[in-house]
Amino acid sequence: MITLGQDQKNPLLEVVNKRSGQNVLNCYQCGKCVGTCPVAGYMDFPPREIMQLIKIGRKEAILAANSSWYCLTCSACAGRCPREIDIPKVMETLRHMAIEEHVKPGSKRVKDIRHFHEIFNNMVRLYGRNYELRLMAEFNIRTRNLFQNMQLAPKALLKGKIKLFPGPGVKSAKAIKKMYDIAEKLEKSK
Amino acid sequence: MKKLTYFPGCSAHGTSEEFDHTLRKVMKTLEVELEEIPDWNCCGATSAHAMTDNLAMALPMRNLILAEKMDNKTMGIPCASCYSRMKTAKYELEAHPELAQKLSSIVEEGTFKGTVEVKSMLQFCYEEVGLEKIKSLVKYPLTGLKVACYYGCLLTRPKAVTQFDSPEYPMSMDRLVEALGATAVDFDYKTECCGASFAISTPEVVLNLSGKILEMAKEAGAHAMVVACPLCQSNLDMRQPDIEKLQGVKYNIPVFYFTQLMALAFGYPVSDLLPGKHIVPIEPALARIGETEEPAEKVTKPKKAVEAESEDN
Chain F
1 MITLGQDQKN
11 PLLEVVNKRS
21 GQNVLNCYQC
31 GKCVGTCPVA
41 GYMDFPPREI
51 MQLIKIGRKE
61 AILAANSSWY
71 CLTCSACAGR
81 CPREIDIPKV
91 METLRHMAIE
101 EHVKPGSKRV
111 KDIRHFHEIF
121 NNMVRLYGRN
131 YELRLMAEFN
141 IRTRNLFQNM
151 QLAPKALLKG
161 KIKLFPGPGV
171 KSAKAIKKMY
181 DIAEKLEKSK
Chain A
1001 MKKLTYFPGC
1011 SAHGTSEEFD
1021 HTLRKVMKTL
1031 EVELEEIPDW
1041 NCCGATSAHA
1051 MTDNLAMALP
1061 MRNLILAEKM
1071 DNKTMGIPCA
1081 SCYSRMKTAK
1091 YELEAHPELA
1101 QKLSSIVEEG
1111 TFKGTVEVKS
1121 MLQFCYEEVG
1131 LEKIKSLVKY
1141 PLTGLKVACY
1151 YGCLLTRPKA
1161 VTQFDSPEYP
1171 MSMDRLVEAL
1181 GATAVDFDYK
1191 TECCGASFAI
1201 STPEVVLNLS
1211 GKILEMAKEA
1221 GAHAMVVACP
1231 LCQSNLDMRQ
1241 PDIEKLQGVK
1251 YNIPVFYFTQ
1261 LMALAFGYPV
1271 SDLLPGKHIV
1281 PIEPALARIG
1291 ETEEPAEKVT
1301 KPKKAVEAES
1311 EDN
């Protein structure tokens, strides 16, 4: 198995280990995570390969890949990993690194996933809680595809699955907005 | 009367109104008083932890602090995703006091003490109410109804965080529905992921993953599925027509929240289940209740075996 030699520095491995609280070097490439992962087939590099790429310090390839964005955090792999590595935590670290380093989404789907998370966070920032209809509407506008998921809209609205108006908001929606502002400053000062 | 701190979560007012509605009824019967956390906020769900370290912890931390100010031992959460975020935050904050210290600059509601237990409503029913009590309150046993209990990812995983049931083959919900008189079928896809928050951004993943789950439930002979998570419910129910179109099969498998079945068994009328909220009609499954064993179980050999035998002759 190829890993970087003792004398070679691998800053990627150090950062990932520190931020995720895991030790990626423990991975012995058994591939159980790949067999378990429900979305491995959609990934540029399935989890096992991501672990190996971290070990050999291939930062650009990893951050440009769709893998971390496709991870559903279902934790099935973590439960079965014989080396007890919490792989979703590693994936989470990779997503945060991609955002911080302004890595452009490599595909339309990754762009969509990131849009969705941004809009969701915006809803919470604005209302303190999620507002499903506006979330869906903004997603369609931002992704320039007005009619996606529209087959669901009439049914969902008629059945009251999705409400026309935001639910009872948090009284201190202002406090939540402030939390977002402070957190943003903290992230920037990293 | 027992008191429980209650965190309904955002979907309780929208996609999972029937979960919240039946839960409140059921808790009344079980003599549990729900005290909703005043001014709770969104837990941040998948999106906060996908994008940021700090908010992923700070949003649930605010709710935990508000819950600690109330006088109850446990906080109950119906939604599996809210539960997972809150429980993960509690786990991390307890393991890393310096993290709580750091986040106190973001959360102004007070300091985190870690004095409230966080449980999913399924866990609360199973551990704190108990199956004996639930069984004793059943007025209308759900005999004849075969269900596949689907737990999804987050109720039992990661094991170190949830400390509840098995991460691979949990049985708590199965035992609960059996206490109500229903039959829980053996179901291999109990803890497979339904695609969760990809419903809007990446629907093809949800159709694929949820499709497999429905396929397995059908194969296991279930009349209905039972869940404890709003996202699982909407993926399996609302997307079922799309899945059927994609696979070219008909499932007609309604997807209940476990609290809907509890309400029914406790004698609440069907209208209290809010049947209008379901995309796949629930009536055909309800009609199975009271049915005795299906007409003398025929011993049917698999088609291939029959063919092979006829070739031998």
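Heads up: the sequence lines are chains F and A, in that order.
First residue of the first sequence? That's 1 in the numbering used here, and the numbers climb one at a time after it.
First residue of the second sequence? That's 1001 in the numbering used here, and the numbers climb one at a time after it.
We treat Cβ as the ideally placed atom computed from N, Cα and C, and that holds for glycine.
task = Apply the 10 Å Cβ neighbour rule to residue 1006 of chain A and answer buried if 16 or more other Cβ atoms are within range, or exposed otherwise.
result = Counted from its first residue, the second sequence places residue 1006 of chain A at position 6. Looking at its Cβ environment, which holds 16 or more other Cβ atoms inside 10 Å, residue 1006 of chain A is buried.
key: DSSP three-state assignment for residue 35 of chain F, whether helix, strand or coil   = As a first step, residue 35 of chain F must be located in the first sequence, where it is residue number 35. Correct three-state label for residue 35 of chain F: helix.
inquiry  = Tell me the DSSP secondary structure of residue 1120 of chain A in three-state form.
reply    = Counting from one through the second sequence, the residue named residue 1120 of chain A turns up at place 120. Strand, per DSSP.
task = Give the DSSP bridge partners of residue 1077 of chain A, in chain order.
result = As a first step, residue 1077 of chain A must be located in the second sequence, where it is residue number 77. According to DSSP, residue 1077 of chain A bridges with A:1120.
query = Using DSSP with H/G/I as helix, E/B as strand and the rest coil, what is residue 1022 of chain A?
reply = As a first step, residue 1022 of chain A is located in the second sequence; it is residue number 22 there, counting from the start. Three-state result, residue 1022 of chain A: helix.
query = Helix, strand or coil: how does DSSP classify residue 174 of chain F here?
reply = To locate residue 174 of chain F, count along the first sequence from 1; it is residue 174. Residue 174 of chain F falls in the helix class under three-state DSSP.
ask   = Which stretch, first to last residue, makes up the alpha helix (DSSP H) that contains residue 1046 of chain A?
value = Counting from 1 along the second sequence, the entry for residue 1046 of chain A is found at position 46. 1045-1051 is the span of the alpha helix (DSSP H), which, as asked, contains residue 1046 of chain A.
task = Just grab the DSSP bridge partners of residue 1127 of chain A for me.
result = Within the second sequence, residue 1127 of chain A is the residue found at index 127, counting from 1. Beta-bridge pairing links residue 1127 of chain A to no other residue.
task = Please look up how many angstroms separate the CB atoms of residue 1254 of chain A and residue 1285 of chain A, rounded, as I've assumed it's under 8 Å.
result = Working through the second sequence from its first residue, we reach residue 1254 of chain A at position 254. Working through the second sequence from its first residue, we reach residue 1285 of chain A at position 285. Yes, they are in contact, since the Cβ atoms of residue 1254 of chain A and residue 1285 of chain A sit about 5 Å apart, within 8 Å.
task = Give the interface partners of residue 75 of chain F over in chain A, defined as CB-CB distance under 7 Å, in chain order.
result = As a first step, residue 75 of chain F is located in the first sequence; it is residue number 75 there, counting from the start. Under the 7 Å cutoff, chain A gives 1153, 1157 and 1158.
message = Which residues in chain F have a C-beta closer than 7 Å to the C-beta of residue 1100 of chain A? List them in chain order.
response = If you number the second sequence from 1, residue 1100 of chain A lands on position 100. Per Cβ cutoff of 7 Å: no residues; residue 1100 of chain A is ~15 Å from chain F at best.
key: Spatial distance of residue 187 of chain F from residue 1054 of chain A (CA atoms)   = Here the question's residue 187 of chain F lines up with position 187 in the first sequence. Here the question's residue 1054 of chain A lines up with position 54 in the second sequence. Each residue's alpha carbon lies about 8 Å from the other.
request  = Might you give, ordered along the chain, the residues of its own chain that have their beta carbon closer than 7 Å to the beta carbon of residue 43 of chain F, omitting 5 neighbours on each side?
outcome  = Within the first sequence, residue 43 of chain F is the residue found at index 43, counting from 1. 66, 67 and 70, listed in sequence order.
query = Among residues of its own chain, excluding the 5 on either side of residue 1018 of chain A, which ones have a beta-carbon nearer than 6 Å to its beta-carbon?
reply = Translated into the one-based positions of the second sequence, residue 1018 of chain A becomes position 18. So the list reads 1274 and 1277, once near-sequence residues are dropped.
query = Looking at C-beta atoms only, is the number of pairs between the region 110-126 of chain F and the region 175-184 of chain F that lie closer than 8 Å three or more?
reply = Yes, they touch.
Min CB distance residue 1279 of chain A to chain F below 8 Å = Counting from 1 along the second sequence, the entry for residue 1279 of chain A is found at position 279. Output row for residue 1279 of chain A: interface = yes.
key: Proximal residues of chain A, C-beta to C-beta of residue 116 of chain F below 8 Å   = As a first step, residue 116 of chain F must be located in the first sequence, where it is residue number 116. Neighbours of residue 116 of chain F on chain A, chain order: 1047, 1197, 1200 and 1201.
query = Apart from the five residues on each side of it in sequence, which residues of its chain come closer than 7 Å, Cβ to Cβ, to residue 1244 of chain A?
reply = Residue 1244 of chain A sits at position 244 when you count from the first residue of the second sequence. Cβ-Cβ distances below 7 Å link residue 1244 of chain A to 1250 and 1251 in the same chain, with the five nearest sequence neighbours on each side left out; the list follows chain order.
Residue-chain proximity (residue 1054 of chain A, chain F), Cβ-Cβ < 8 Å = Within the second sequence, residue 1054 of chain A is the residue found at index 54, counting from 1. Interface annotation, residue 1054 of chain A: in contact with chain F, CB-CB separation under 8 Å.
ask   = Using 8 Å as the limit for Cβ to Cβ distance, is residue 1107 of chain A near chain F?
value = On the second sequence, residue 1107 of chain A is found 107 positions in, with the first residue counted as 1. So, interface residue.
query = In terms of residues, what are the limits of the alpha helix (DSSP H) holding residue 1189 of chain A?
reply = By 1-based counting over the second sequence, the position of residue 1189 of chain A is 189. Residue 1189 of chain A -> no alpha helix (DSSP H), and no H or E assigned at all.
key: Inside the region 1233-1285 of chain A only - alpha helix (DSSP H) runs reaching at least 4 residues   = Within the region 1233-1285 of chain A, complete alpha helix (DSSP H) segments of at least 4 residues are found at 1240-1247 and 1258-1265, given in chain order.
query = Can you tell which of A:1074, A:1207, A:1231 and A:1235 has its C-alpha closest to the C-alpha of residue 1248 of chain A?
reply = The count along the second sequence starts at 1 and reaches residue 1248 of chain A at position 248. The shortest C-alpha separation from residue 1248 of chain A is found at A:1207.
ask   = Between which two residues does the beta strand (DSSP E) carrying residue 1006 of chain A extend?
value = Numbered from 1 along the second sequence, position 6 holds the residue referred to as residue 1006 of chain A. Note, residue 1006 of chain A: beta strand (DSSP E), 1002-1006.
inquiry  = Only counting the same chain, and skipping five residues up and downstream in sequence, which positions put a Cβ closer than 6 Å to that of residue 1002 of chain A?
reply    = Here residue 1002 of chain A corresponds to residue number 2 of the second sequence, with the count starting at 1. Closer than 6 Å at the Cβ level, and outside the excluded window around residue 1002 of chain A, lie 1032.
ask   = Going along the chain, which residues of the region 1244-1257 of chain A sit with their C-beta nearer than 9 Å to a C-beta in chain F?
value = Here the close residues number zero.
ask   = Looking at residue 1043 of chain A and residue 1086 of chain A, is the spacing between their C-beta atoms short of 8 Å?
value = On the second sequence, residue 1086 of chain A is found 86 positions in, with the first residue counted as 1. On the second sequence, residue 1043 of chain A is found 43 positions in, with the first residue counted as 1. Yes, they are a contact pair.
query = Of the choices F:54, F:183 and F:112, whose alpha-carbon is the least far from that of residue 1106 of chain A?
reply = Against the second sequence, residue 1106 of chain A aligns to sequence position 106. Ranking the options by Cα distance to residue 1106 of chain A, first place goes to F:183.
key: Integer Cβ distance of residue 46 of chain F from residue 72 of chain F, believed to fall under 8 Å   = Residue mapping note: residue 46 of chain F aligns to position 46 of the first sequence, counting from 1. Residue mapping note: residue 72 of chain F aligns to position 72 of the first sequence, counting from 1. Between residue 72 of chain F and residue 46 of chain F the Cβ distance is about 13 Å, and since that is not below 8 Å, they are no contact.
Integer Cβ distance of residue 1268 of chain A from residue 1154 of chain A, believed to fall under 8 Å = The residue you call residue 1268 of chain A lines up with position 268 of the second sequence. The residue you call residue 1154 of chain A lines up with position 154 of the second sequence. About 28 Å separates the two Cβ atoms, so there is no contact after all.
ask   = Should residue 1270 of chain A go down as buried or exposed, given a rule of 16 or more other Cβ atoms within 10 Å for buried?
value = As a position in the second sequence, residue 1270 of chain A is number 270, starting the count at 1. A residue is called buried when at least 16 other Cβ atoms come within 10 angstroms of its Cβ; residue 1270 of chain A does not meet this threshold and is exposed.
Distance, residue 88 of chain F Cα to residue 48 of chain F Cα = Against the first sequence, residue 48 of chain F aligns to sequence position 48. Against the first sequence, residue 88 of chain F aligns to sequence position 88. Each residue's alpha carbon lies about 12 Å from the other.
key: residue 1205 of chain A - containing alpha helix (DSSP H), residue span   = Along the second sequence, one-based indexing puts residue 1205 of chain A at 205. From DSSP, the alpha helix (DSSP H) with residue 1205 of chain A extends over 1203-1219.
request  = In angstroms with no decimal places, state the Cα-to-Cα distance between residue 32 of chain F and residue 75 of chain F.
outcome  = The sequence position of residue 32 of chain F within the first sequence is 32, counting from 1. The sequence position of residue 75 of chain F within the first sequence is 75, counting from 1. If I take the Cα positions, the gap works out to 13 Å.
key: Run of the alpha helix (DSSP H) containing residue 91 of chain F, from where it starts to where it stops   = Working through the first sequence from its first residue, we reach residue 91 of chain F at position 91. Its alpha helix (DSSP H) spans residues 87-100.
task = Scan the region 1165-1195 of chain A for residues whose Cβ lies nearer than 8 Å to a Cβ of chain F and list them as they occur along the chain.
result = If you check each beta-carbon in the region 1165-1195 of chain A against every beta-carbon of chain F, the ones closer than 8 Å belong to 1167, 1168, 1191, 1192, 1193 and 1195.
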